[in-house]
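The opening position of the sequence shown corresponds to residue 1121 in the working numbering, with each subsequent residue numbered one higher.
Glycine included, each C-beta is placed from N, C-alpha and C at the ideal position.
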Amino acid sequence: MITRLSAQWPITELCQAFKVSRSAYYDWRERPVDTERLRLRIRTRELYNQSRGAIGSRSLSHLLTNEGTPVGCWLARRLMQECGLQSRQPGAHRYRPSGKEHVASPDFLQQHFAPASPNTRWCGDITYIRTQEGWR
1121 MITRLSAQWP
1131 ITELCQAFKV
1141 SRSAYYDWRE
1151 RPVDTERLRL
1161 RIRTRELYNQ
1171 SRGAIGSRSL
1181 SHLLTNEGTP
1191 VGCWLARRLM
1201 QECGLQSRQP
1211 GAHRYRPSGK
1221 EHVASPDFLQ
1231 QHFAPASPNT
1241 RWCGDITYIR
1251 TQEGWR
């Protein structure tokens, strides 16, 4: 930004406005482009998009290390920050009441737990069973 505006304003005033020391600005301007860092940023964005935004810094660190580029969690975190990426994890699933009153199922057993022969009466203690009509 300072470089773009330097044609219109003095660099000293621009550095003061952006709260950057002049020496830091000149140091940054003369610094060569870090191609390895750019490559890591591009790969970070690719992995982030492949995971549909769910990847975090630890997972990113493991994936990059498995690909042959040793990257620690802190560097992966910094790369994500530089790219403006944040992990989006799905929230917990919340069961919501249906709003309808549940009709009690009929009691076919009627407390007769001693059948005359095997396999004539089956019972269990399942409170709710999911059916096509809803939870019963």
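In this structure, the beta-carbon distance from I1175 to L1184 does not fall below 8 Å.
Under the three-pair Cβ rule at 8 Å, the stretch 1158-1172 counts as touching the stretch 1199-1207. Taking a C-beta distance under 8 Å as the contact criterion, C1193 and R1178 qualify as a contact pair. Straight through space, the alpha carbons of Q1206 and W1148 are spaced by roughly 27 Å. DSSP, read as helix, strand or coil, puts R1178 in helix. Annotation: A1236 to L1229 spans about 13 Å, alpha carbon to alpha carbon.
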